[in-house]
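Chemist: Per full-length UniProt numbering, residue 1 is the first one in the sequence shown, and the count goes up by one each step.
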Amino acid sequence: MSERSPPQRLPPMNALRAFDAVARCGSILKAADELGVVRGAIRQQLAVLETFFGTALFRRDGRRLVLTEKGRSFSDSVGIAFGILARASAELAAGKRRTFRLGVPSAFAVWWLMPRVAELQAALPDVDVDIIPMATVEPLARHPDLDAVIMGGEYRPAPDITAIRFMEDEFGPVATPDLAARLDLTAGVEALAGAVALTSRSAPRLWDDWFAESGHAPIRFARNREFEDLLLAIGAARSGIGIAIAPRTAIGEEIDRGVLVAPYGFIRRPAGYSLSIRSGDAKDTAFARLVDWLIAAGARPIPPRAR
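1) At the level of alpha carbons, what is the spacing between D169 and I28?
2) State the Cα-Cα distance for the pair L140 and V259, rounded to the nearest angstrom.
3) Residues in its own chain within less than 7 Å of A122 by CB, not counting five upstream and five downstream?
4) According to the Cβ coordinates, are residue 383 and D229 closer than 8 Å?
5) What are the complete beta strand (DSSP E) segments, minimum 3 residues, inside the UniProt domain "HTH lysR-type" (11-68)?
6) What is the DSSP secondary structure of F266, reduced to helix, strand or coil?
7) Which residue spans inside the segment 94-170 form an unbroken alpha helix (DSSP H) run of at least 4?
8) Taking just the CA atoms, how far does W112 sit from A197?
9) Return the bridge partner residues of I243 from the DSSP annotation.
10) Excluding five sequence neighbours on each side, which residues of the same chain lie with their C-beta closer than 7 Å to the C-beta of P11?
11) Where does the unbroken alpha helix (DSSP H) through E213 begin, and where does it stop?
12) Indicate the three-state DSSP secondary structure (helix, strand or coil) for A271 in the structure shown.
So, in structure tokens, the structure goes:
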């Protein structure tokens with residue numbers, strides 16, 4: 001049996017926990033609430049950590065604490081390390097059966113993943129897939145409590161994170177047939193000037209992306225309505241109060257049934273959807289089965305909803 005080399009001296013665990021909480025929460029107050037301690041204790045632990053390394057990990061921006069460049073890089077690694085420890089502890093406590101905590105955009109979970117969840121569970125019979133809906137999708141590096149995250153759009157590489165694209169998608173403006181006829185949307189994109197644009201905080205750039213990728217000049221809308229989640233914005237479009245940009249995976253059935261129309265068609269988005277996992281998990285057989293299932297499922301049409 002080979003001898004393990006002695007570990008390098010590590011910072012105090014309490015200091016690392018405080019640093020990780022502040023980095024994720026963006027404030028000492030929120031970090032203190034999360035860890036159940038007073039703010040002074042958090043400040044003290046941050047001071048211990050910065051003294052340990054002899055470098056600043058945060059800088060002041062008004063009342064906010066902002067990670068320095070070194071602090072941001074260290075934060076990503078600390079988050080990954082805590083995630084590995086959390087998952088290893090959960091697996092040890094659970095025995096042979098495993099649980100994956102999968103972060104998913106809430107709208108995508110409803111319109112794409114949940115109709116397939118029985119098929120997903122059948123593909124991973126020895127794994128409990130715990131689907132965590134995310135109103136605002138953030139990179140996996142910011143969520144040590146999650147095992148993987150599904151993200152839409154362009155993925156920005158991060159240290160120790162592997163992103164695997166499993167499905168392309170198309171997107172475009174959608175409205176009820178009555179609203180499209182009233183605004184005469186088939187006359188051209190300029191007709192959007194009379195519309196209420198429906199947007200969401202969870203995907204705030206969809207309209208900007210559509211104008212840029214479709215080659216049309218941006219339009220000044222009559223009014224804008226913002227919703228917390230894309231699912232709500234699409235629901236508002238179904239009710240006829242405005243026009244939303246929607247992924248085709250979200251409203252394909254409504255288009256087929258004539259509930260919604262896409263007056264300008266859909267634009268292909270090669271970036272599509274990706275599964276982000278920690279690079280250390282890439283060779284894990286269970287994660288490999290999850291990736292294989294996502295790729296296969298992404299190539300098939302969505303099953304019809306119960307009517």
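Don't be surprised by glycine CBs; every beta carbon is placed ideally from N, CA and C.
Modeler: Inspection of the coordinates gives the following:
1) 40 Å
2) 36 Å
3) none
4) Any property of residue 383 remains undetermined from this structure, which presents the chain solely from 1 to 307.
5) 58-61 and 64-67
6) coil
7) 117-123
8) 24 Å
9) A197
10) L49 and F52
11) L206 to S214
12) strand
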